[in-house]
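So the sequence shown is numbered by this note's numbering: it starts at 68 and just counts up by one.
Heads up, the beta-carbon is just placed ideally off N, CA and C, and yes, glycines get one too.
Below is one structure; the comments refer to it alone.
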Amino acid sequence: MRTRILGSMSILKIKMKKEDKKFAEEMCVCRNCPSFKECKEKIAYCVIGKSKCIKERNGCICGGCPVHAKLNLSSGYYCFSGKEA
Ligand code: SF4
Ligand code: SF4
Numbered sequence: 068m069r070t071r072i073l074g075s076m077s078i079l080k081i082k083m084k085k086e087d088k089k090f091a092e093e094m095c096v097c098r099n100c101p102s103f104k105e106c107k108e109k110i111a112y113c114v115i116g117k118s119k120c121i122k123e124r125n126g127c128i129c130g131g132c133p134v135h136a137k138l139n140l141s142s143g144y145y146c147f148s149g150k151e152a
């Protein structure tokens, strides 16, 4: 019984992670950021991971992004530091 409850909790967690990722990809404002560099990679670095092409820190607007608030993120420059969510 306990295993079944834990199993459904893991499925729920995976489902929530997928929904968070989808929301982040749709709402990410990285393209408006002075540090952003277009190179045809996926954005929403806070849920996807580091950028392969952003190399200079020219400011970060993560703090004003709706994803930052929704996922209770605490930092920025995810294109450099990688996932937080
Ligand atoms: S918090 Fe930053 S990296 Fe994450 S979705 Fe928003 S702008 Fe993009
Ligand atoms: S993670 Fe922050 S610094 Fe990097 S592109 Fe997005 S808003 Fe800009």
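Could you name the residues whose beta carbon sits closer than 5 Å to any heavy atom belonging to ligand 1, keeping them in chain order? Residues with a Cβ closer than 5 Å to any heavy atom of ligand 1, in chain order: A91, C95, V96, C97, A111, Y112, C113, C129, C132, V134, H135, Y145.
Give me, in chain order, the residues of the same chain whose beta-carbon lies closer than 6 Å to that of C132; leave out the 5 immediate sequence neighbours on both sides. Within the same chain, V96 come within 6 Å of C132 by CB-CB distance, once the 5 residues on both sides are set aside.
Same chain, Cβ closer than 8 Å to N99, five either side skipped, listed in chain order: Around N99, the same chain offers I128 as residues with beta carbons nearer than 8 Å, after the five sequence neighbours per side are excluded.
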